[in-house]
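Numbering (the numbering used here), first residue to last: 136 to 200.
Below is the structure:
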């Protein structure tokens with residue numbers, strides 16, 4: 136049974152992070168509109184649950200293309 140304490144469970148966030156290359160990708164995966172607040176919230180949740188984001192490229196990944 137899902138933990139009612141969290142809207143986005145650690146398992147769902149880990150799945151979204153594994154399928155994404157950025158926080159914005161996680162938001163798209165979860166169907167969350169992109170805003171500064173949502174970006175910050177999901178970023179904090181990922182850190183809180185210790186979900187690995189080392190493969191994320193960062194905002195400069197497409198600079199110069």
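Virtual Cβ for every residue (Gly too), placed ideally from N, Cα, C.
Check, Outcome
"Spatial neighbours of residue 174 in its chain, beta-carbon cut-off 8 Å, leaving aside the 5 residues before and after", "158, 159 and 162"
"Residue 189 burial status per 10 Å Cβ neighbour count (16 or more: buried)", "exposed"
"Simplified DSSP state of residue 171, which is helix, strand or coil", "helix"
"For residue 190, the first and last residue of its enclosing alpha helix (DSSP H)", "Per DSSP, residue 190 belongs to no alpha helix (DSSP H) and is neither H nor E."
"Beta-carbon gap between residue 184 and residue 148 smaller than 8 Å", "yes"
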